[in-house]
Amino acid sequence: MTRLTVAQAVVRFLAAQWSERDGVERRFFAGCTGIFGHGNVAGIGQALATAGADLPYHLSRNEQAMVHTAAGHARASNRLATLACTSSIGPGATNMVTGAAAATINRLPVLLLPGDIFATRVASPVLQELEDPRSYDISVNDCLRPVSRYWDRINRPEQLPPALLAAMRVLTDPAETGAVTLALPQDVQAEAYDWPDELFARRVWHIPRPRPERSALARAASVITAAARPLIVAGGGVIYSEAADELRAFAERYGVPVAETHAGKGALPHGHPLAVGAVGATGTTAANTLAREADVVIGVGTRYSDFTTASRTIFAPDARFVNLNVTGFDAAKLSGLQLVADAREGLADLAEACEGWATPAAYRERAAGLIRAWDAAVDAAYGLEGSPISQAAVIGAVNAAAGDDGVVVCAAGSMPGDLHKLWRPSGPGCYHVEYGYSCMGYEIAGGLGVKMAAPEREVFVLVGDGSYLMMAQELVTAVSEGVKLIVVLVDNSGFASIGRLSESVGAERLGTAYAYRGGGGFDGGPLPVDLAANAASLGASVLRPESVADLRKALDAARSATETTVVYVRTDRLADDVPSSEAWWDVPVAQAATTSATEAALEEYTANKRAQHPHLSPPV
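When the letters of the sequence shown are read in order and numbered with full-length UniProt numbering, they come out as residues 1 to 620.
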């Protein structure tokens, strides 16, 4: 037996957890990020102070940001490692709700360790306690229940061992993973207890690779081999299961074009003859044309978000779906034929089951022609010159600077859509856009996690002015931790994405245009804010290119630098410099129109709604 406090036991347990897949073992918790207050400094804080290299501590500046950092680390590690996150009770805990939601939606493992109110209630109500007249057992940590895949409150030391094991079970299960919360009352954290030594033994969690059930495999093969115009939609499951080689082998063997979701981008590298690029509302015309014509859609590791399906308008109403996914919840979507399995193992088995079949040569030639046309459109967008610099030219310059080893990180605004269309991936792991939750403020914090997980790679954070203003302070964390990032801060002095959306639904940019009322009564125009100076004040080196040529030089300089560098670029929010996806996204329009703009928007919306399909394929 070993006598430790509850917090010390938590830290020692976490330091002893390892993951294993394909014979490779690694520490599951690469460290712990945190911000200390009265709810965790005496417990988890004291325990981390003595943990040393077994569980390194990293100071964050915002609790939401530190969960984003953990999620970025988890994704860059293909969900085989993550970071723990500790906060005080009160606003520290509730700040983590957004990060937890983003992690759960994106199927990424993160562990949250918020402090909680006193279990003994001897001093109740304590500072930051939510007093609920319905029960003294409720605290603000209950806000984390709906966004956590597993949630528990440790009111007695005896409850800790099974809760820790349950947390690890969920975190390391590819079908169940997401945010896990263990709420730790501050008095219980400091309570000593005699723990069985087995709790702290090195424990290896073996990540499974389930293979498809044989009869389901036969049904899937029968649907696929009857297809003349199949299309693969590669999602994040391809990347996380490291199934890129199997995907390539299947596509090449049978001549099936491959389209990509945000999370699946890079599953096939740009330039592969069957890589048709992004699909859906932010897709390429190549992928979307083939999607409309596809008789069978093979979804691999995708959750079929509304952007992927263009709000269920991009696929033909009679298209059949074969969904290979590690979780049955996602495999069942769009009434698809369910192939519940690991993406790598499922693709390998599916390749053997489809022996003797191939797509017509004319179909492959059509795909190649569509790819060439889209590549020409991207070349034109990347080649735009002028001042201010176009957003497409910014993306093109960053794409070139990233090379084969760089990673682009983005999350919100107009850039994710443009990146999905335009970015030319070198392979898996080079494209990291959080678009399950599209969380403003993710970019710099998520980039930190990516760089911590892959320090050998250059990380390019693309962030717009609006998202930067949400969570710029993690630049301080990058500087203090010595984690080098290249942050490309794109300032269009306005709301590009939501501003255009506001216009499209007849809302006339209300609340989506920068304006200020100074002493002279001025109303309109850009705010007198210098974001580059702000970045410099937070400790980053700052470059201010004024032309595309200067931008390329600045990116080269940033790559050569050893410290975090912000490349500040001004663009035009009103410019329409990116080729259209020729797809739709469902955002309802007011049905009682009061302006001509709303009337026109409603007419267009009604027409597009007619193209939505329930996708109720007959069972196989």
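For every residue, glycine included, the Cβ atom is placed at its ideal position computed from N, Cα and C.
Residue nearest to residue i in terms of C-alpha spacing, selected from the options
i, options, result
"Asn141", "Pro91, Arg344 and Ala190", "Pro91"
"His272", "Glu131, Ala478 and Pro425", "Pro425"
"Ala611", "Thr313, Glu481, Ala343 and Ala533", "Thr313"
"Gln186", "Ile224, Val6, Gln391 and Thr104", "Val6"
"Leu347", "Ser581, Phe250 and Ile395", "Phe250"
"Leu164", "Pro133, Gly447, Ile371 and Tyr150", "Tyr150"
"Trp357", "Ser617, Leu59, Met96 and Ala226", "Ala226"
"Ser541", "Ser547, Val529, Ala291 and Ala554", "Ala554"
"Val578", "Leu422, Glu365 and Val340", "Leu422"
"Ser467", "Ala478, Ile486, Lys484 and Asn492", "Asn492"
"Glu293", "Thr308, Arg320, Thr302 and Ala275", "Arg320"
"Val408", "Ser387, Lys451 and Tyr437", "Lys451"
"Arg209", "Ala607, Cys410 and Leu324", "Leu324"
"Ile298", "Val233, Tyr193 and Phe307", "Val233"
"Glu352", "Pro212, Pro545, Gln17 and Ala93", "Pro212"
"Ser88", "Arg79, Ile44, Asn78 and Ala228", "Ile44"
"Ser414", "Ala332, Ile498 and Phe200", "Ile498"
"Ala331", "Gly301, Trp584 and Tyr382", "Gly301"
"Thr308", "Asp586, Leu448 and Val479", "Asp586"
"Val97", "Gly115, Arg145 and Tyr57", "Arg145"
Test item: CB-CB of residue i and residue j under 8 angstroms
i, j, result
"Gly417", "Arg457", "no"
"Ala179", "Val110", "yes"
"Asn32", "Ala84", "The sequence given here places Cys at residue 32; Asn does not occur at that position. Yes."
"Ala445", "His68", "yes"
"Pro157", "Glu191", "yes"
"Ala453", "Ala103", "no"
"Met471", "Asn62", "yes"
"Gly266", "Cys430", "yes"
"Thr289", "His420", "no"
"Gly236", "Thr261", "yes"
"Ala400", "Phe460", "no"
"Phe13", "Trp205", "no"
"Thr172", "Ser19", "yes"
"Val326", "Asp342", "yes"
"Leu113", "Leu184", "yes"
"Ala259", "Val279", "yes"
"Leu370", "Ala286", "yes"
"Leu55", "Ala15", "yes"
"Glu434", "Ala397", "no"
"Gly441", "Gln64", "yes"
"Thr598", "Gly506", "yes"
Per-residue burial, residue i [other beta carbons within 10 Å of its own, 16 or more giving buried]
i, result
"Pro317", "exposed"
"Ala592", "exposed"
"Gly520", "Because Gly520 carries a pLDDT of 49, less than 50, the predicted location of this residue cannot be relied on, and the following value inherits that uncertainty. With fewer than 16 Cβ atoms within 10 Å of its Cβ, Gly520 is classed as exposed."
"Thr2", "exposed"
"Leu527", "exposed"
"Glu508", "exposed"
"Leu510", "exposed"
"Asp576", "exposed"
"Gly476", "The amino acid at residue 476 is misidentified as Gly; the sequence shows Val. Buried: at least 16 other Cβ atoms inside 10 Å."
"Ala53", "exposed"
"Ala70", "buried"
"Pro174", "buried"
"Thr181", "buried"
"Pro428", "buried"
"Ala201", "exposed"
"Pro619", "exposed"
"Glu345", "buried"
"Pro614", "exposed"
Any chain B beta carbon closer than 8 angstroms to residue i
i, result
"Ala611", "Absent from the structure: chain B. Only one protein chain is present."
Query - Validate contact between the region 382–398 and the region 250–260 using beta carbons, cut 8 angstroms, 3 pairs - result: no
Report task. Please specify which runs of the alpha helix (DSSP H), each continuous and at least 4 residues long, are wholly inside the UniProt domain "Thiamine pyrophosphate enzyme central" (217–350), giving them in chain order. Result -> 236–240, 244–254, 285–293 and 328–331
Requested in this report: Would you mind listing the beta strand (DSSP E) stretches within the region 76–138 that are 3+ residues and don't spill past its ends, in chain order?
Outcome: 82–87 and 110–116
Requested in this report: Ignoring anything shorter than 4 residues or poking outside the region 162–218, list the alpha helix (DSSP H) runs there in chain order.
Outcome: 186–189
Query raised in the report: In chain order, which continuous runs of the beta strand (DSSP E) of length 3 or greater are located wholly inside the region 399–485?
Result: 407–410, 431–433 and 459–464
Query raised in the report: Is the region 482–497 touching the region 557–568, taking contact as three or more C-beta pairs under 8 angstroms?
Result: yes
Requested in this report: Quick one: which unbroken beta strand (DSSP E) runs of 3-plus residues sit fully inside the region 560–610? Chain order, please.
Outcome: 565–570
Requested in this report: Specify whether the region 119–139 and the region 41–48 touch according to this definition: at least 3 beta carbon pairs, one from each stretch, less than 8 angstroms apart.
Outcome: no
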